[in-house]
Every structure is written in structure tokens, then in C-alpha cells.
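Number of protein chains: 2
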Amino acid sequence: MDIRDQALQCRAAAQVLAQLSSEAKAALLDAMADALDSDAAAILAANALDLAAAEAKGTGSAMLDRLALNPARLSGISAALREVAALPDPVGSITRDDVRPNGIRVQKVRVPLGVIAMIYEARPNVTADAAALCIKAGNGVILRGGSEAIHSNTAIAASLKRALRAAGVPDAALTLVEDLRRETMLTLLQLNDLIDLAIPRGGEGLIRFVAEHARVPVIKHYKGVCHLYVDRAADPAKALALLVDGKCSRPSACNSLETLLVHAEVAATFLPQAEAALRERGVEVRADARARQWLPQATPATEDDFAAEYLDLIIAVRVVDDLEQALSHIQQYSSDHTEVIVTEDPAAAQRFISALRAAVVMVNASSRFSDGGELGLGAEIGISTTRLHAYGPMGLEALTVERFVVQGSGQTRAP
Amino acid sequence: MDIRDQALQCRAAAQVLAQLSSEAKAALLDAMADALDSDAAAILAANALDLAAAEAKGTGSAMLDRLALNPARLSGISAALREVAALPDPVGSITRDDVRPNGIRVQKVRVPLGVIAMIYEARPNVTADAAALCIKAGNGVILRGGSEAIHSNTAIAASLKRALRAAGVPDAALTLVEDLRRETMLTLLQLNDLIDLAIPRGGEGLIRFVAEHARVPVIKHYKGVCHLYVDRAADPAKALALLVDGKCSRPSACNSLETLLVHAEVAATFLPQAEAALRERGVEVRADARARQWLPQATPATEDDFAAEYLDLIIAVRVVDDLEQALSHIQQYSSDHTEVIVTEDPAAAQRFISALRAAVVMVNASSRFSDGGELGLGAEIGISTTRLHAYGPMGLEALTVERFVVQGSGQTRAP
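Order-wise, the sequence lines are chains A and B. Just so you know, we're using our numbering here: the first sequence kicks off at 0 and counts up by one. Just so you know, we're using our numbering here: the second sequence kicks off at 0 and counts up by one.
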């Protein structure tokens, strides 16, 4: 069956999903989790095939680790599905309800988007996580994973599809694309009469490819070049803790810090402490000339360093005259993802918040909280730095849209 | 200056707009209305040039009427600006505010989208209306109108820009594209690093051109093929009133009715009354064979009639076995714009609402209420049948997006 026919079937199945009650969807997601548990052996066997192929290709250890499943990781995946099952259902929630002077009642009601295409790489858990979130919000989902995980993804999808059929939902509601040719993905991304949203997750290359070729709406973020600005009025202990947490707790995450900006008046006291704490954790420091006065061991930072998303134990450091210079630096290099100020001065905090257009702006909190779970969305389907529909971490609500329901008693517009 | 430089300047100016208080924006919009009033003579003179050129080209009277301004229409435009000035400002409204277990405070706050490109035809009032809504929501706006209205649009824009400068806002916040070459519009639609949203308004051809070539997000609707379904349990008097209002009160509007579906059990009584009322108003009736039993004078309806957006005094009529057949007809031909059921049966109404994915679903109310003003949005920038960001009539809120503001006291993610 070609990709258009698959999308047509997914769309038809999505209409069935859209009619399910919140209870039915919660039960379905629990059943999907049970199916993964009971199919664990088959899924791990399939994953072994992917790992063997990857090793044969000489794949690096980081990539192998992202690809690898084991009983513990698999239980983690089914546990995550049960958490999604337990989340409140955004569908049907009424976000506006008022009666117009002519007596018509106007409600805005959340409905599913329809069919969502996920384009992703490596981690097989995305197959289950993304499917769970899309289905919980009443959407059909088309999953196009990477070739490196094809056996794992196929086994996980087969397991989840079994649960869909058992619930009386056409299993095309979850469609795994097994034809991984690039031209097939291009066709998929052109189906704007059948697909309501594409969400690419993976390396910047994949995301740019999707954004460049899609004729369907795309929500994405390219990268996170997150800044920590230590203000003149910063509490040094907080600043140090936020720096270490933001850079070291998970350097490969997009919400990790890449650049440290320090107000000139506190550079002399803060930078040496910062360098000690960072070196202790193996972080390479690249600093501008002014910062190197207090960071003798730092390597010089180039223009590229301030634009870089290292995703590694490296940080760029710059000393700024004041808040305004910090803001213009951030405005120049920001990826609109997450920006943090450390200050005890409410006026500085307010200025920082209002001057920056980033999706997430933080005062005295770690950039690592820029995550759907941490911000209370329950789970995260992705992050948007596109200033439309959703901006920042996206949870279930971002997989729905509000539409109008109007109830009258025969009112006409013309008198 | 080329279009990219114009967009860059508009983006910089938008950052100034985004910082304005609600009071300042309201005052600015009132000043823009005053400017239009005081420049009325110049604007009407410019409009006369457009009208002369259009007449010389042998433009049709309907188009000439859309293009024409006069003192009354111009005061209508400035009055509309004052109404927008008085609307509540969506920017800064807090849509979520809670404290996480770790003590961080998470708020979602509405911010402007950034820069909005309006692509439109004919009516010069769009130049003022769209600019007012975009600016009220704190956005920069790039206006690309049609060549037929270039003199009128230039005069209106010059007047509005004067008010922007007087308020200390760089007048690039309102940028009128005077280079109307198609390749320049193509370049504009590719500027996805500078433009946050494009809204095309006009004929289906223009909208398809924008959707096909844009690399920036586009919100649009192609057409409105709105259905009125008269259920078995319909109140015949309401049905007749909603039919006449929906078809005849403004046939050229996208929220007018194009197709009437009638339950077989009421066809014999309803159709003759309907035909009499429609003929009295000069409406041509095109009906399927079954309906023609009761509509002897009707012309046969073809497949094309049920897909057509007539925008004229013509209506397609079909008799259906029951609600389910009506729903499948609508699902096949719907433009996802507005669908109406007439029934006194709550179960039928609920089934109609939940089975259809249209942006606006109405029970016993006229399709002509599918309009931002009528639904209480205050004003309308456009209508979306794209199931993302906004779905249905779009007001000021649809010109903003929610972002996250997080305030902590030094919380880190790692223990």
C-alpha cells in the first residue's frame, strides 16, 4: 500500500479515535502498555537485530546507547504509557462559553488535530511515547523512524496495534512507515489534505530537511543555545548552582546551557568560583578576552563558540558591561529556546523577561526545567521554537485545537 | 530597499510595538483613526486613480464596488479602527499560573507573534483593518495588497505611518509592499527567519498560490461550502428562516449556505415551502432526483453542484435517508468551514456536533454567524480551516501565542 493510502486509512481511523471517551482512551493506553510488557521478548529480540546491524556498520557508542533497549528501559517505556493514560484528557474541554446578545450560545471546545506525522531518529522509545500522546489526544499518528531502529520500531508498533484492534479501533490509527526511502518521506510531507501536523525530532539536519520539504504544517525546534546571565544583583550561590546544573546535569539535552554571560561588576568574584566548579566536572571553558582576565586557563572563545550548541561539556563565557549588553548578546545568538537570568533585582528580572522573545524565560531557575514534564505538562511531544500554535515545550494540549460550537433557537443574522 | 531589508526593519520595529502598554496601543490606534479622517481627501483622490485605472481596464462592476471608497466608507474604516482600539489587549494575559512541587512558579503569558504578512486583493479597507489588528496585538505587519488598489493602499498606509511616527514607533512596523512583482512576493513568502505568519485573503487562486509557495507558516481558508441539514425533528419555521438567512442575506460571503440537505421524512412538507421562499428571492435551485419529486421546477444537480461554492443566488438540494447519510454527505463535501443542523432533538444535535470536524458547527443558528464579530471576537483578521493554532474565525488572540515565564529561587533539576 502506498504512503497516500496509508495516510487515508490513518485519517479514517483517527475519526474513530476522535469519538472515544476519555475513559476509553485511558483504558486503551493502559492496554498498549500491557501489550508492550507481554511482547517484551519479541521487542528485545528485534532490538538485538538493530544493534547487531548498527555495530556491523561501526556505529559509535553514543548512538548505540540511544538505540539499545533492555528489560529495564522497556518497563520504563510501558510505565510512561501508563502515566500518559492517567493524564487529564484535553479533548472536549470547553475554553470559552458565553451567550451573545442575540441569545446564541458560543462555546470553544478542544478537538484533536487529526493526523500527526512524527519524523524521528534513533531512540525506539519515541515510537511508543509519541504514539501514546497523539492517541491520548484523539489523533491518528504516522510514525516515520530511522532505518537504524526499524526492527525495534516495527516490533513496538505491532504490539501497540494489537492493543488498538483489541479496543475496536482500526490499527491504522497508528501507522508505522516501513518504506524508508527518502522519496517516500517527501511524498508523506506533501500530503497536506491528509496530515494536519508534522513534528520532526532528531538532529538539526533531519529537522531542516523536513522544514524545507514539507507542505504540511511543521512544528519544530532546531537547537537550544541557552544562556545563563549572572546579573550584578545575582546571589552568587544560586548562580553557581544554576550554572553547574544547567551545564553538567545532562550536557546532551537541548535545555542545557551553552553560554555564560557575567556582569562586569561581579566577574572578578564569580568567574574564578565558576571555573573551579566547572573544571572539577571536566567542563572546557572558552572565554572572551575580558573574561580571560579572571580565567587564565580558559581557551579563547571565537564568534562560532557563541553561536554553538555544544551538547557537550564545553561552555562559552563572556563578560558584559550590563544587563542591556547581555540582552543584545542573547538577542543576537538566541535560538528562542530558553534563557535564564540570575538576579535578586525584580526590575532586572522584568526587563529580561520583557526584552527577550524566547519560548521559555527563567528567573533564578535552571534551564534544565525547560521540559514538558518539569513545567507540569505531564509529558512532552516536542518543543516548538516556531512562534505559532505552541511555543516552548508541547504537551497534550498542543496536540489539540479549539473550534466553535454554536447553539441557538433559530436566530438569523438579517433582522 | 529590497523586501528582505524591509522585513528586517519591520521586525526591529515590531520589538518596539511589543513593549508598548495596552494604553499606549489603544491611543496609537485612535491616532491612526484620526489620521485617516484628516487625510480623507488625499485617500479619496488616490482611490479615484485606482478606480479610473480599473474602469479603463474594463473591470466588472462587482470588483469596482469592492475597490471604491467614499466619505461614508472611509468613516466606516476609521470607526472600525476605534473599535479595535477599544478591544481588550490579549498581550500579557496570563493563561496559566501555578507553582510546581519544587517551588518554581510557571506562568503562560500571551506575547505577540512577531511579524505578520497579509497578502490580499481588492478591498482597500483591509489595509487599515489588518494593520489595526496586527498592531493592537503588538505585531509588525507587512501588507501586500493588489495592484488594482495600489494608490488607495499607499495613501492609507502613509496616513497610518504618520500616526506611528507621532507615537514614537518606527513606521516600518507597518510596511506596505509597493513592489508588486510576483517574484518579490515569492521572496517575501520565503523569509521564514523574519516572518512569523502569512495570512492570505482573497480568491482561492491567490490563497493557493501563497500556500503553495510559502516557507513561512500560513493560516488560510480556501472556501466555504456550508451545509444546512434539516433534520426529521426540525422546527420547520426555524428551518425556513435559517435557510433564507443563510442563502440570501449575503450570498457572496464565505459563511453563506451552498447546500441544503433534508431528511426524507420531512421533504414532502419542507421542500415546497423552501422552494417558494427561495424563488421569491430569486434563488436558483439545483436538486438531486429524489428532491425533484417535490421540486418540479428545480434543475438537476450534478456532482459539481455539491462541491461548489456558488457565492451567488444558487443552492444545491439533496434529500437524505437520515442524519447519518447527511453526515457522510457533509464529510465528503465539507470545506471544514461552517455546518448547521436544524433539529429539536438533542441527541441528533450532539451526534452532528461530534461527527463533524468543521471549524464551526451550529445547532439552530444561521451559518452567517460564523464571523469574528458575531461570535464575540470583536474583530476578525481572517478565518482558518487549517486545524492548527486557530480554527474558524480569528480575532486578536489568534495574533498572539503563549510562552513560558518561570520564576524560582535557585532551584536546580539535579538534586
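Cβ atoms here follow ideal geometry from the backbone N, Cα and C, with glycine treated the same way. Bear in mind the structure is a predicted one, so any value in this text is a computation, not a measurement.
1. Using a Cβ-Cβ cutoff of less than 6 Å, which residues in the same chain neighbour S366 of chain A once the five nearest sequence positions on both sides are dropped?
2. Whole angstroms is fine: what's the gap from L19 of chain B's alpha carbon to A13 of chain B's?
3. By alpha-carbon positions, which one of A:L270, A:L35, A:L376 ends up nearest to A154 of chain A?
4. Would you tell me roughly how many angstroms separate the C-alpha atoms of L355 of chain B and M361 of chain B, rounded to the nearest one?
5. P271 of chain A lies in the alpha helix (DSSP H); which residues open and close that run?
6. Just to confirm before moving on: does the CB-CB distance between L270 of chain A and L294 of chain A stay below 8 Å?
7. On the three-state DSSP scale, how would you describe E302 of chain B?
8. Taking the continuous beta strand (DSSP E) assigned at T342 of chain A, which residues delimit it?
9. Determine which residues of the region 204 to 217 of chain A have a Cβ less than 9 Å from any Cβ of chain B, and write them out in chain order.
10. Along the chain, where does the alpha helix (DSSP H) that runs through H328 of chain B open and close?
11. Cβ of A130 of chain B within 8 Å of Cβ of L142 of chain B?
12. Does the Cβ of R454 of chain A have 16 or more other Cβ atoms within 10 Å, making it buried, or fewer, making it exposed?
13. F403 of chain A and A307 of chain B - do their beta-carbons sit closer together than 8 Å?
14. Would Q296 of chain B count as contacting chain A if we go by Cβ distances under 8 Å?
15. Looking at the unbroken alpha helix (DSSP H) that takes in M62 of chain B, where does it start and where does it end?
16. For D321 of chain B, count neighbouring Cβ atoms within 10 angstroms of its own Cβ and tell me buried if that reaches 16, exposed if not.
17. Rounded to the nearest angstrom, what separates D335 of chain B and A315 of chain A at their Cα positions?
18. For R317 of chain A, which residues from the same chain have a beta carbon less than 8 Å from its beta carbon, with the 5 sequence-adjacent residues on both sides left out?
19. May I ask you to report which of helix, strand or coil DSSP gives I313 of chain B?
20. List, in chain order, every chain A residue whose beta-carbon is nearer than 9 Å to that of G391 of chain B.
21. Can you give me the Cβ contacts of L239 of chain B inside the same chain, cut-off strictly under 7 Å, excluding the 5 residues immediately before and after it?
22. Is the Cβ of A192 of chain A closer than 8 Å to any Cβ of chain B?
23. Take L16 of chain B and list the residues in its own chain whose beta-carbon comes closer than 8 Å to its own, dropping the five residues that flank it on each side.
24. Taking 8 Å as the cut-off, decide whether the C-beta atoms of H220 of chain B and S383 of chain B are in contact.
25. Do we get a CB-CB distance below 8 Å when we pair T385 of chain B with the residues of chain A?
26. Helix, strand or coil: how does DSSP classify K135 of chain A here?
27. Any idea if I115 of chain A is buried or exposed, counting beta-carbon neighbours within 10 angstroms, 16 or more meaning buried?
28. Taking the beta strand (DSSP E) that M184 of chain B falls in, what are its first and last residues?
29. Taking only beta-carbon atoms, is A364 of chain A less than 8 Å away from chain B?
30. Would the beta-carbon of H212 of chain B fall within 8 Å of that of L188 of chain B?
31. How many angstroms separate the CA atom of L7 of chain B from the CA atom of A263 of chain B?
32. Using DSSP with H/G/I as helix, E/B as strand and the rest coil, what is C225 of chain B?
33. Check whether the region 74 to 83 of chain B and the region 56 to 64 of chain B touch, using three or more Cβ-Cβ pairs below 8 Å as the test.
34. Where do the N-terminal and C-terminal ends of the beta strand (DSSP E) with I416 of chain B fall, by residue?
35. To test your reading of the DSSP string, which unbroken beta strand (DSSP E) runs of 3 or more residues are found completely within the region 67 to 117 of chain B?
36. Return the first residue and the last residue of the beta strand (DSSP E) that S366 of chain A is part of.
Looking at the coordinates:
1. C225, G245, N254, L256, T337, V339
2. 10 Å
3. Taking only the C-alpha atoms, the option nearest A154 of chain A is A:L35.
4. Using only the alpha carbons, I get a separation of about 11 Å.
5. 263 to 279
6. yes
7. Three-state DSSP puts E302 of chain B in a helix.
8. Taken as a continuous stretch (DSSP letters only), T342 of chain A belongs to no beta strand (DSSP E), as it is neither H nor E.
9. A210, E211, R214, P216, V217
10. 322 to 332
11. In this structure, L142 of chain B lies closer than 8 Å to A130 of chain B by Cβ.
12. Since the first residue shown for chain A is 0 and the last is 414, residue 454 of chain A is missing from the structure and cannot be characterised.
13. no
14. no
15. In the DSSP assignment, M62 of chain B falls within the unbroken alpha helix (DSSP H) covering 60 to 66.
16. exposed
17. 50 Å
18. Its chain contains T258, L259, L260, V261, A286, D287, R289, A290, A300, F305, H328 as the residues whose beta carbon lies nearer than 8 Å to that of R317 of chain A, once the 5 sequence neighbours on both sides are disregarded; these appear in chain order.
19. strand
20. K107, E401, R402, F403
21. Q272, A273, A276
22. The question names Ala, but residue 192 of chain A is Asp in the sequence shown. Chain B contact via Cβ: absent.
23. K24, P111, I134, G137, N138, G139, V168, A172
24. yes
25. yes
26. helix
27. buried
28. Unbroken run through M184 of chain B is the alpha helix (DSSP H), 181 to 188; no beta strand (DSSP E).
29. yes
30. yes
31. 60 Å
32. strand
33. With the cut-off at 8 Å, the region 74 to 83 of chain B and the region 56 to 64 of chain B do not touch.
34. A query on residue 416 of chain B cannot be resolved here, the shown segment of chain B reaching from 0 to 414 and no further.
35. 93 to 98, 104 to 111
36. Where S366 of chain A is concerned, there is no enclosing beta strand (DSSP E), given that its DSSP letter is neither H nor E.
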